[in-house]
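*Asks:* Just so we're aligned, residue -17 is where the sequence shown starts under the working numbering, counting upward by one. Input: one structure, supplied below.
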Amino acid sequence: MADSSKRAARLAKEITAFAQRHGGSAEGQIAYVGQSGARIALVGADGGWGDLMAPSVETARQATEQAGITVHESFAGEMAEKMKTGPYEWNRMAGIQLEGGTPARA
């Protein structure tokens, strides 16, 4: 088994475990992120969400196929609507905006 096949199999196991923890199923979206590889964004049936990194888009595709999840072209629409965010996420997002620094003064 080639390294990419092994990595895809490990990712597929992680995706399957995520789905089991979050209502028994999950959906995903794969995004190329440059030299870092590809991000697999996951949303579970219960609205829980997370992501995994793959070394390439091809490895990410293999992993999602092996896990048997639906993969969407974009992170929008029904998939995004299923995401549940709580106080932690909202506070974190607000904190990033509020603590982003002050503009430089002339």
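Note that beta-carbon positions come from the ideal geometry of N, C-alpha and C, so glycine has one too.
Measure the C-alpha to C-alpha separation of Ile(-3) and Gly30 and round it to an integer number of angstroms.
*Replies:* Cα to Cα, the separation comes out at about 13 angstroms.
*Asks:* Give me the Cβ distance between Gln48 and Ala(-9), rounded to the nearest whole Å; I'm assuming they're in contact under 8 angstroms.
*Replies:* Right, their Cβ atoms sit about 7 angstroms apart.
*Asks:* By how many angstroms is the C-alpha of Arg(-11) removed from the C-alpha of Ala1?
*Replies:* Distance between the alpha carbons of Ala1 and Arg(-11): 18 angstroms.
*Asks:* Thr52 by DSSP, collapsed to three states: which one?
*Replies:* Strand at Thr52.
*Asks:* Whole angstroms are fine: how far does the CA of Val25 sit from the CA of Glu63?
*Replies:* Roughly 10 angstroms between the two C-alpha positions.
*Asks:* How is Met65 classed by DSSP in three states: helix, strand or coil?
*Replies:* In this structure, Met65 counts as coil in the three-state DSSP scheme.
*Asks:* So what does Arg21 bridge to, in DSSP terms?
*Replies:* Bridge partners of Arg21: Ala13 and Met35.
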